[in-house]
Amino acid sequence: MQVLRALEDAARRSWLAGFLPLVRERLPWLHRALLRLRDRAVPVAEAGGLSRYQDRALRRFEALGSPLLPGDVLLEIGSDEAGAVLAGLAARFGARVAGVNPLVNRTQLPPATSGRPGQPLAQADARHLPFADESVSRIFSVATLEHVLGLERALQECYRVLAPGGLFYADFGPIWSCSVGHHVYARVGDEEARHWKPGKNPVPNYAHLLLDREALRRRIDGTLSQPLLEAVLAWIYDGDGINRLFYEDYLLAFERSAFEVVRFQPVLEHVPARTQRALRQAYPERREFRCRMIEVVLRKPPGGAHGRIA
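Below, the structure is given as C-alpha coordinates:
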(Lines of atoms letter the chains of each structure in order from A and count residues from 1; the text may use other names and numbers.)
(Lines give C-alpha, C1' and ligand atoms only; values in the text may rest on other atoms or scores of the structure.)
Protein backbone atom coordinates (compact mmCIF):
# COMPACT_ATOMS: atom_id res chain seq x y z
CA MET A 1 0.00 0.00 0.00
CA GLN A 2 2.85 2.40 0.74
CA VAL A 3 4.24 1.85 -2.75
CA LEU A 4 0.82 2.49 -4.30
CA ARG A 5 0.42 5.70 -2.32
CA ALA A 6 3.88 6.85 -3.36
CA LEU A 7 2.95 6.22 -6.99
CA GLU A 8 -0.28 8.17 -6.52
CA ASP A 9 1.67 11.10 -5.08
CA ALA A 10 4.06 11.01 -8.04
CA ALA A 11 1.18 10.80 -10.52
CA ARG A 12 -0.45 13.85 -8.95
CA ARG A 13 2.58 15.91 -9.93
CA SER A 14 3.13 14.36 -13.36
CA TRP A 15 2.45 16.07 -16.71
CA LEU A 16 -0.31 13.54 -17.37
CA ALA A 17 -2.25 14.60 -14.26
CA GLY A 18 -2.15 18.15 -15.61
CA PHE A 19 -4.72 17.14 -18.21
CA LEU A 20 -7.27 15.90 -15.66
CA PRO A 21 -9.10 19.26 -15.34
CA LEU A 22 -9.54 19.26 -19.11
CA VAL A 23 -10.76 15.65 -19.04
CA ARG A 24 -13.16 16.48 -16.20
CA GLU A 25 -14.69 19.29 -18.23
CA ARG A 26 -14.83 17.69 -21.68
CA LEU A 27 -15.02 13.96 -20.97
CA PRO A 28 -16.74 13.63 -17.58
CA TRP A 29 -17.49 9.94 -18.14
CA LEU A 30 -13.77 9.22 -18.54
CA HIS A 31 -12.94 11.33 -15.49
CA ARG A 32 -15.41 9.33 -13.38
CA ALA A 33 -13.92 6.06 -14.67
CA LEU A 34 -10.39 7.19 -13.77
CA LEU A 35 -11.49 8.14 -10.26
CA ARG A 36 -13.16 4.76 -9.76
CA LEU A 37 -9.99 3.01 -10.93
CA ARG A 38 -7.87 5.09 -8.55
CA ASP A 39 -10.19 4.41 -5.63
CA ARG A 40 -9.99 0.66 -6.20
CA ALA A 41 -6.21 0.70 -6.57
CA VAL A 42 -5.48 3.01 -3.64
CA PRO A 43 -8.37 2.90 -1.15
CA VAL A 44 -8.56 5.32 1.76
CA ALA A 45 -10.88 3.28 3.98
CA GLU A 46 -8.03 2.50 6.37
CA ALA A 47 -7.14 6.15 6.81
CA GLY A 48 -9.26 6.69 9.93
CA GLY A 49 -12.04 8.76 8.41
CA LEU A 50 -9.65 11.03 6.51
CA SER A 51 -10.33 12.22 2.99
CA ARG A 52 -7.78 11.26 0.37
CA TYR A 53 -6.22 14.72 0.25
CA GLN A 54 -6.06 14.90 4.05
CA ASP A 55 -4.32 11.54 4.33
CA ARG A 56 -1.82 12.49 1.60
CA ALA A 57 -0.96 15.80 3.26
CA LEU A 58 -0.56 14.16 6.68
CA ARG A 59 1.82 11.58 5.25
CA ARG A 60 3.96 14.26 3.60
CA PHE A 61 3.92 16.34 6.78
CA GLU A 62 5.02 13.31 8.79
CA ALA A 63 7.85 12.67 6.31
CA LEU A 64 9.44 15.99 7.24
CA GLY A 65 10.90 14.14 10.22
CA SER A 66 12.45 15.65 13.36
CA PRO A 67 10.95 14.16 16.53
CA LEU A 68 8.65 16.07 18.85
CA LEU A 69 9.28 16.43 22.56
CA PRO A 70 6.79 15.84 25.39
CA GLY A 71 4.63 18.93 25.74
CA ASP A 72 5.08 20.06 22.15
CA VAL A 73 1.94 21.39 20.50
CA LEU A 74 0.82 20.85 16.90
CA LEU A 75 -1.58 23.45 15.52
CA GLU A 76 -3.93 22.82 12.61
CA ILE A 77 -5.18 25.82 10.65
CA GLY A 78 -8.62 25.07 9.21
CA SER A 79 -9.74 22.07 11.26
CA ASP A 80 -13.00 20.40 10.31
CA GLU A 81 -15.68 19.76 12.90
CA ALA A 82 -15.29 15.99 12.64
CA GLY A 83 -11.74 16.35 13.99
CA ALA A 84 -10.33 13.64 11.70
CA VAL A 85 -7.09 15.51 10.97
CA LEU A 86 -6.63 16.48 14.62
CA ALA A 87 -7.00 12.82 15.57
CA GLY A 88 -4.55 11.86 12.81
CA LEU A 89 -1.99 14.39 14.04
CA ALA A 90 -2.32 13.17 17.63
CA ALA A 91 -1.98 9.52 16.61
CA ARG A 92 0.97 9.99 14.27
CA PHE A 93 3.00 12.38 16.41
CA GLY A 94 1.94 11.52 19.95
CA ALA A 95 1.72 15.22 20.67
CA ARG A 96 -0.83 17.66 22.01
CA VAL A 97 -2.86 19.16 19.18
CA ALA A 98 -4.99 22.24 18.72
CA GLY A 99 -7.16 23.34 15.83
CA VAL A 100 -8.76 26.60 14.70
CA ASN A 101 -11.56 27.37 12.27
CA PRO A 102 -13.62 30.59 12.24
CA LEU A 103 -16.73 28.71 11.08
CA VAL A 104 -16.69 25.81 13.50
CA ASN A 105 -19.78 25.42 15.66
CA ARG A 106 -18.71 24.22 19.08
CA THR A 107 -22.21 23.05 19.98
CA GLN A 108 -22.20 20.61 17.04
CA LEU A 109 -18.84 18.96 17.73
CA PRO A 110 -19.12 15.18 18.17
CA PRO A 111 -18.44 14.05 21.78
CA ALA A 112 -15.36 12.04 20.76
CA THR A 113 -13.71 15.23 19.57
CA SER A 114 -14.98 17.91 21.93
CA GLY A 115 -14.45 15.76 25.00
CA ARG A 116 -11.04 14.29 24.23
CA PRO A 117 -8.25 15.87 26.31
CA GLY A 118 -5.49 17.35 24.21
CA GLN A 119 -7.64 17.86 21.13
CA PRO A 120 -9.25 21.28 21.56
CA LEU A 121 -10.93 22.86 18.56
CA ALA A 122 -11.37 26.61 18.76
CA GLN A 123 -13.60 28.97 16.82
CA ALA A 124 -10.80 31.32 15.76
CA ASP A 125 -9.41 33.08 12.72
CA ALA A 126 -5.88 32.44 11.43
CA ARG A 127 -5.36 36.22 11.47
CA HIS A 128 -5.98 36.30 15.24
CA LEU A 129 -4.68 33.11 16.80
CA PRO A 130 -5.56 32.59 20.48
CA PHE A 131 -2.10 31.35 21.43
CA ALA A 132 0.91 32.85 23.18
CA ASP A 133 4.09 33.81 21.36
CA GLU A 134 6.30 30.82 20.41
CA SER A 135 3.88 28.35 22.05
CA VAL A 136 3.45 26.02 19.04
CA SER A 137 6.05 23.56 17.74
CA ARG A 138 4.61 22.92 14.27
CA ILE A 139 1.70 24.12 12.17
CA PHE A 140 -0.24 22.00 9.66
CA SER A 141 -2.85 23.10 7.14
CA VAL A 142 -4.59 21.30 4.28
CA ALA A 143 -7.04 22.74 1.73
CA THR A 144 -7.35 25.96 3.70
CA LEU A 145 -5.03 28.77 2.59
CA GLU A 146 -7.13 29.39 -0.52
CA HIS A 147 -9.93 30.39 1.87
CA VAL A 148 -7.89 32.62 4.19
CA LEU A 149 -8.65 36.32 3.81
CA GLY A 150 -5.68 38.52 4.66
CA LEU A 151 -3.05 35.85 4.02
CA GLU A 152 -0.09 38.05 4.90
CA ARG A 153 -1.62 38.86 8.28
CA ALA A 154 -2.28 35.15 8.87
CA LEU A 155 1.36 34.33 8.08
CA GLN A 156 2.45 36.96 10.60
CA GLU A 157 0.28 35.30 13.26
CA CYS A 158 1.62 31.84 12.43
CA TYR A 159 5.16 33.18 12.68
CA ARG A 160 4.36 34.76 16.05
CA VAL A 161 3.01 31.60 17.69
CA LEU A 162 5.56 29.22 16.16
CA ALA A 163 8.67 28.39 18.18
CA PRO A 164 12.07 29.22 16.63
CA GLY A 165 13.06 26.45 14.24
CA GLY A 166 9.44 25.32 13.91
CA LEU A 167 7.84 24.29 10.62
CA PHE A 168 4.62 25.38 8.95
CA TYR A 169 3.35 22.88 6.36
CA ALA A 170 0.49 23.72 4.00
CA ASP A 171 -1.01 21.88 1.02
CA PHE A 172 -3.80 23.91 -0.55
CA GLY A 173 -5.86 24.68 -3.65
CA PRO A 174 -7.44 24.97 -6.10
CA ILE A 175 -6.20 28.55 -6.13
CA TRP A 176 -8.17 31.34 -7.84
CA SER A 177 -5.99 31.58 -10.98
CA CYS A 178 -6.44 27.92 -12.03
CA SER A 179 -9.18 26.29 -14.11
CA VAL A 180 -11.45 25.56 -11.14
CA GLY A 181 -10.25 28.39 -8.91
CA HIS A 182 -13.85 29.44 -8.40
CA HIS A 183 -13.90 26.50 -5.94
CA VAL A 184 -17.66 26.49 -6.39
CA TYR A 185 -19.69 25.14 -3.47
CA ALA A 186 -23.37 25.93 -3.46
CA ARG A 187 -26.33 24.06 -2.04
CA VAL A 188 -30.06 24.75 -2.28
CA GLY A 189 -32.24 22.08 -0.75
CA ASP A 190 -31.20 18.75 -2.23
CA GLU A 191 -29.35 20.39 -5.13
CA GLU A 192 -25.66 21.15 -4.99
CA ALA A 193 -22.79 22.37 -7.13
CA ARG A 194 -19.28 21.25 -6.18
CA HIS A 195 -16.10 21.94 -8.13
CA TRP A 196 -14.58 18.52 -7.42
CA LYS A 197 -17.59 16.21 -7.73
CA PRO A 198 -18.01 14.44 -11.09
CA GLY A 199 -21.00 15.92 -12.87
CA LYS A 200 -21.60 18.55 -10.17
CA ASN A 201 -19.45 21.42 -11.48
CA PRO A 202 -21.52 23.64 -13.82
CA VAL A 203 -18.75 26.24 -14.34
CA PRO A 204 -16.55 25.82 -17.45
CA ASN A 205 -12.81 25.88 -16.89
CA TYR A 206 -11.51 29.44 -16.34
CA ALA A 207 -14.98 30.95 -16.82
CA HIS A 208 -14.69 32.72 -13.46
CA LEU A 209 -11.68 34.63 -14.83
CA LEU A 210 -12.86 35.27 -18.38
CA LEU A 211 -16.57 35.98 -17.91
CA ASP A 212 -18.30 38.59 -15.80
CA ARG A 213 -21.34 37.73 -13.72
CA GLU A 214 -23.96 38.25 -16.44
CA ALA A 215 -21.93 36.47 -19.10
CA LEU A 216 -21.50 33.45 -16.82
CA ARG A 217 -25.21 33.57 -15.97
CA ARG A 218 -26.04 33.31 -19.67
CA ARG A 219 -23.46 30.56 -20.16
CA ILE A 220 -24.82 28.19 -17.51
CA ASP A 221 -28.49 29.26 -17.43
CA GLY A 222 -30.71 26.27 -18.11
CA THR A 223 -28.25 23.76 -16.66
CA LEU A 224 -29.34 24.44 -13.05
CA SER A 225 -32.44 25.47 -11.20
CA GLN A 226 -32.73 29.23 -10.82
CA PRO A 227 -32.09 29.20 -7.04
CA LEU A 228 -28.93 27.09 -7.46
CA LEU A 229 -27.76 29.28 -10.34
CA GLU A 230 -28.03 32.36 -8.13
CA ALA A 231 -26.21 30.56 -5.31
CA VAL A 232 -23.35 29.61 -7.67
CA LEU A 233 -23.00 33.20 -8.92
CA ALA A 234 -23.07 34.54 -5.35
CA TRP A 235 -20.35 32.10 -4.29
CA ILE A 236 -18.05 33.06 -7.19
CA TYR A 237 -18.54 36.83 -7.29
CA ASP A 238 -19.70 37.88 -3.83
CA GLY A 239 -18.86 35.36 -1.14
CA ASP A 240 -15.96 35.48 1.30
CA GLY A 241 -15.44 31.71 1.24
CA ILE A 242 -12.45 32.09 -1.11
CA ASN A 243 -9.74 34.72 -1.13
CA ARG A 244 -9.37 35.15 -4.94
CA LEU A 245 -5.57 35.29 -4.76
CA PHE A 246 -3.60 34.59 -7.93
CA TYR A 247 -0.47 32.44 -8.04
CA GLU A 248 1.75 35.52 -7.94
CA ASP A 249 -0.03 36.76 -4.81
CA TYR A 250 0.96 33.61 -2.93
CA LEU A 251 4.55 33.93 -4.13
CA LEU A 252 4.69 37.50 -2.90
CA ALA A 253 3.06 36.70 0.45
CA PHE A 254 5.56 33.93 1.22
CA GLU A 255 8.51 36.04 0.07
CA ARG A 256 7.41 39.00 2.19
CA SER A 257 6.92 36.88 5.29
CA ALA A 258 9.59 36.44 7.92
CA PHE A 259 9.63 32.70 7.21
CA GLU A 260 12.38 30.81 5.46
CA VAL A 261 10.84 29.01 2.46
CA VAL A 262 12.06 25.41 2.70
CA ARG A 263 9.83 24.01 -0.05
CA PHE A 264 7.53 25.53 -2.63
CA GLN A 265 6.06 22.93 -4.95
CA PRO A 266 3.26 23.83 -7.37
CA VAL A 267 1.02 21.20 -8.97
CA LEU A 268 0.52 22.25 -12.60
CA GLU A 269 -2.26 21.67 -15.10
CA HIS A 270 -2.44 21.96 -18.86
CA VAL A 271 -3.87 25.20 -20.24
CA PRO A 272 -4.95 25.14 -23.91
CA ALA A 273 -3.07 27.72 -25.98
CA ARG A 274 -6.24 29.61 -26.91
CA THR A 275 -7.27 29.87 -23.27
CA GLN A 276 -3.76 30.93 -22.28
CA ARG A 277 -3.87 33.79 -24.78
CA ALA A 278 -7.26 34.94 -23.52
CA LEU A 279 -6.10 34.86 -19.89
CA ARG A 280 -2.95 36.84 -20.58
CA GLN A 281 -4.94 39.39 -22.54
CA ALA A 282 -7.42 39.74 -19.67
CA TYR A 283 -4.66 39.83 -17.01
CA PRO A 284 -1.50 41.26 -18.62
CA GLU A 285 0.18 41.60 -15.21
CA ARG A 286 -0.25 37.86 -14.53
CA ARG A 287 1.77 35.08 -16.13
CA GLU A 288 1.03 31.78 -14.39
CA PHE A 289 -2.36 30.12 -14.84
CA ARG A 290 -1.23 26.48 -14.76
CA CYS A 291 -0.84 26.12 -11.00
CA ARG A 292 -3.87 24.53 -9.33
CA MET A 293 -2.35 23.38 -6.02
CA ILE A 294 0.62 24.45 -3.90
CA GLU A 295 2.60 22.59 -1.26
CA VAL A 296 4.76 24.85 0.87
CA VAL A 297 7.00 24.27 3.87
CA LEU A 298 7.96 27.35 5.86
CA ARG A 299 10.46 27.49 8.70
CA LYS A 300 10.82 30.04 11.46
CA PRO A 301 14.57 30.62 11.62
CA PRO A 302 16.30 30.37 15.00
CA GLY A 303 17.94 33.68 14.14
CA GLY A 304 16.43 36.31 11.92
CA ALA A 305 16.93 36.36 8.16
CA HIS A 306 14.37 34.62 5.99
CA GLY A 307 14.79 32.89 2.64
CA ARG A 308 13.22 33.53 -0.72
CA ILE A 309 11.45 31.33 -3.23
CA ALA A 310 13.77 30.12 -5.96
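Counting from 137, one number per residue, gives the positions in the sequence shown under our numbering. Just so you know, even glycine gets a beta-carbon here, dropped at the ideal spot from N, CA and C.
Under the rule that a run must span 3 or more residues, the beta strand (DSSP E) segments found entirely inside the region 313-392 read 321-324 and 327-330. Annotation: G201 to F229 spans about 10 Å, alpha carbon to alpha carbon. By the neighbour-count definition (other C-beta atoms within 10 Å, threshold 16), H264 is an exposed residue. Using a C-beta cut-off of 8 Å, the region 394-409 makes no contact with the region 263-283, since fewer than three inter-stretch Cβ pairs fall below that distance. Note on K436: 16 or more other CB atoms within 10 angstroms of its CB, so buried under the neighbour-count rule. Excluding five sequence positions before and after Q190, the CB atoms of its chain that fall closer than 7 Å to its own CB belong to A220, V221 and V278, given in chain order. At a Cβ-Cβ threshold of 8 Å, V233 and E212 count as neighbours. Collapsing the DSSP output to three states places E288 in a helix. Under the three-state reduction of DSSP, F400 is assigned to strand. Boundaries of the alpha helix (DSSP H) around A223: A220 to F229. Separation of V284 and A329 (C-alpha to C-alpha, rounded to the nearest whole angstrom) is 21 Å. With distances taken between CA atoms, V398 lies nearest to F304 out of F276, F304, V320 and L369. For V339 against S273, the beta-carbon gap comes to about 40 Å, at or over 8 Å, which does not count as contact.
Excluding its 5 nearest sequence neighbours in each direction, I378 has C-beta neighbours in its own chain below 7 Å: E282, H283, W312 and H319, listed in chain order. Closest in alpha carbon position to R353, among L346, L345, E366 and N341, is E366. Here T280 is buried: its Cβ has 16 or more other Cβ atoms, across all protein chains shown, within 10 Å. The bridge partners DSSP lists for E212 are G235 and F276.
Exclusion of the five residues before and after F390 leaves L291, V397, F400, V432, L434 and I445 as the residues of its chain whose Cβ lies within less than 8 Å of its Cβ. Nearest to P363 by C-alpha distance, out of V297, A394, L347 and A322, is A322. DSSP places D307 in the uninterrupted beta strand (DSSP E) bounded by L298 to F308.
Contact between I430 and G317 does not hold, since the beta-carbon distance rounds to 12 Å and is not under 8 Å. As computed with DSSP, V407 is found in no beta bridge at all.
Counting only residues of its own chain and dropping the five nearest sequence neighbours on each side, P334 has a CB closer than 8 Å to the CB of R160, P164, H167, R168 and L171. With fewer than 16 other Cβ atoms from the protein chains shown falling within 10 Å of its own Cβ, L205 counts as exposed. Beta-bridge partners of R435 (DSSP): L303 and E396. In the three-state DSSP reduction, R160 falls in the helix class (H, G or I). For L388, the closest of E288, D307 and N237 by C-alpha to C-alpha distance is E288.
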